[in-house]
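Below is one structure, written out as structure tokens; the observations come after it.
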Amino acid sequence: MTLGLLAAIAATFAWSLLYIFPGLVGDYSLFDLAVVSYGFAGIGSLLVLFFFRNEVRQLPLSDWACAALLGFLGYIGYFFLITTAVLAAGPVIPPVMMGSVPIVLAIAGNMRSSSVPWRAIAGPLVVAALGISLVNLSVFDFSSETVVLPTTSILFGLLAALLAIGFWIGFGLLNESALARRPSMSPMLWSAMLIFMCSVEMLAFIPVGLYLKLSHFASHPSGLAGTQALMVCGLIQGLGATLAGAWAWSIATRRLPLALSGQLIASGTIYATTMGLLLNQRWPSPMEAVGTGLLFVGVVWAIHAFYRRQTRLETRGGGERVIGGE
């Protein structure tokens, strides 16, 4: 369980970088960063697939189809739904809604596997949910005038955000089942398959992004000049946050119950908030500080609950083995 816990922490830390890099690429858009990062991730995944070339030759088409579906649910489709939600409903409401993903995923995982009693996880879930809410609500500036978007646009954005939540919940549940059905497959190989299919899907979605005018690169007057930050961030995001993050999450998914690994996703908010404050060279607001503190308490409380549950099961199992030996 310890290795799974460390892997989940590594994955959520890697994913928290996704909140930081968009602010470091200058005039380029999130879509531009995604295209570059998946380009590097695709190259990295190809190298991993070459390393596992003997196993790759024996993979059935169903494995690749499953990886393509999961890549679409958890990465490409999720990305475009969130982008659509932000464009339609503004930059505040969709991220606030997405803050519910760790809690919903933890609840869905425990409903399916019953890995820990509800009375043991209810407290951590409530505390973490409150912390996430406070951190996300801190982005509202109630003292400033805001542009009122059309109601139909906001409703469309809310629908896209709800679909994005559904996509990621589906990814978490299906990915856990897929790994359970392939106990002998290396998590690194599975992650490389998934990210490689993501890269192929991103190539197919480039025309969609251009049609939606999501790319600033296409209209950038200087062409390739000034793309150093975009390339560096894309390289780190592609190989670190995307490929290595997927690998770490595969390890965590195989070794932890989804009710715990799902809630650990919330720790990404702590990392992203901390790094954002450091980059902006400011102290957290009272709401940010309280929210981050509650989130930290909720995550640590959840880890303690699962460790206590595992210890009891191991003690009970050991006692039964002793009795049986007598």
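Counted the way my numbering counts, the sequence shown spans residues 739 to 1064. Note that beta-carbon positions come from the ideal geometry of N, C-alpha and C, so glycine has one too. The structure displayed is predicted, hence computed values, not measured ones.
query	result
By how many angstroms is the C-alpha of Gly1031 removed from the C-alpha of Glu914?	30 Å
Alpha carbons only, please: which of Asn848, Leu799, Phe818 and Gly809 is nearest the one belonging to Leu768?	Phe818
Starting from Pro925, trace the alpha helix (DSSP H) in both directions and tell me its first and last residue.	Pro925 to Tyr949
At which residues does the alpha helix (DSSP H) containing Tyr896 begin and terminate?	Note on residue identity: the sequence assigns Leu, not Tyr, to residue 896. From DSSP, the alpha helix (DSSP H) with Leu896 extends over Thr889 to Ala918.
Helix or strand or just coil, what does DSSP make of Phe788?	helix
In chain order, which beta strand (DSSP E) runs of at least 3 residues are fully inside the stretch 964-1019?	none
State the Cα-Cα distance for the pair Glu1026 and Gln1019, rounded to the nearest angstrom.	15 Å
Using CA atoms only, rank isn't needed, just tell me which of Gly1006, Leu1015, Ser1023 and Arg1047 is closest to Val839.	Gly1006
Any idea if Arg992 is buried or exposed, counting beta-carbon neighbours within 10 angstroms, 16 or more meaning buried?	buried
What distance in whole Å lies between the Cβ atoms of Met926 and Val1037, which are believed to be in contact at a cut-off of 8 Å?	That pair is no contact at about 26 Å.
Should Leu996 be labelled buried (16 or more other beta-carbon atoms within 10 Å of its own) or exposed?	buried
Relative to the C-alpha of Phe751, which candidate in Ala982, Pro1024 and Val1028 has its C-alpha closest?	Ala982
Between Ala990 and Ser929, is the Cβ-Cβ spacing less than 7 Å?	no
For Tyr778, name the three-state secondary structure that DSSP assigns.	This sequence places Phe at residue 778; Tyr is not what is there. Three-state DSSP puts Phe778 in a helix.
Decide if Gly761 is buried, meaning its Cβ has at least 16 other Cβ atoms within 10 Å, or exposed.	exposed
Rounded to the nearest angstrom, what separates Thr1011 and Phe759 at their Cα positions?	13 Å
Within this structure, are the beta carbons of Ala749 and Ala986 separated by less than 7 Å?	yes
Please report how far the alpha carbon of Gly910 lies from the alpha carbon of Ala746, in whole angstroms.	13 Å
Let me make sure I understand the geometry here. Which of Ser754, Leu741, Ser775 and Ala858 has the alpha-carbon closest to that of Tyr1009?	Ser754
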